[in-house]
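Residue numbers (the working numbering): 17 to 168. Cβ coordinates follow ideal geometry from the N, Cα and C atoms, glycine included. Heads up: the structure comes next, in structure tokens.
Here's what the structure looks like:
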């Protein structure tokens, strides 16, 4: 008796979870991965500025958001960078500001004019917060670099 009930229940659940006949037209409409609403550039910027501006943000959340930003195929707007620098100073993590600026410099390698533009835009905020650029700290060249033998 128990075996018959379990077989009937299993068949009913299988039918509810996995339909026996799949129509390819309907299935392709259900599986469209990019059919969601698209985010505009202004909404993207506002979302990240609001995320970095939260008063209860901690260092892990800042690192996670920065890794996400660096992983995307874009260079963030200066207002996002300014909000991130303020968040780093709120949690008193100066090293994170330097690493973030280094990552931005690497993202700007394809367009040589982009990094000086970003530094020019965020320089007042950097001066206000007491943050130096990686170039000012000497991180743009190796510490123990020797003169090239071809230059001697």
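How many angstroms separate the CA atom of residue i from the CA atom of residue j?
i	j	result
residue 101	residue 64	12 Å
residue 88	residue 167	40 Å
residue 124	residue 135	11 Å
residue 66	residue 156	31 Å
residue 152	residue 91	22 Å
residue 179	residue 158	Nothing can be reported for residue 179, as the shown portion of the chain is limited to 17 through 168.
residue 160	residue 129	29 Å
residue 71	residue 54	28 Å
residue 154	residue 84	26 Å
residue 59	residue 140	25 Å
Within 10 angstroms of the Cβ of residue i, are there 16 or more other Cβ atoms? Answer buried if so, exposed if not.
i	result
residue 162	exposed
residue 133	exposed
residue 103	buried
residue 113	buried
Under 8 Å, do residue i and residue j count as touching if we go by C-beta distance?
i	j	result
residue 138	residue 98	yes
residue 146	residue 107	no
residue 110	residue 121	no
residue 86	residue 119	yes
Assuming residue i and residue j form a contact by the criterion Cβ under 8 Å, report the distance between their Cβ atoms to the nearest whole angstrom.
i	j	result
residue 95	residue 61	6 Å
residue 82	residue 116	5 Å
Near residue i, which residues of its chain fall below 6 Å by C-beta distance, leaving aside the five closest residues on each side in sequence?
i	result
residue 105	145
residue 127	none
residue 80	none
residue 73	103
If I measure Cβ to Cβ from residue i and keep anything under 8 Å in the same chain, skipping five residues before and after, which residues do I get?
i	result
residue 69	99, 102 and 103
residue 41	Any reading at residue 41 needs caution, since the residue's pLDDT is 47, under 50, leaving its predicted position unreliable; the model's value is listed next. Around residue 41: no qualifying Cβ.
What residues in its chain sit with their C-beta under 7 Å from that of residue i, if we drop five residues either side in the sequence?
i	result
residue 93	61
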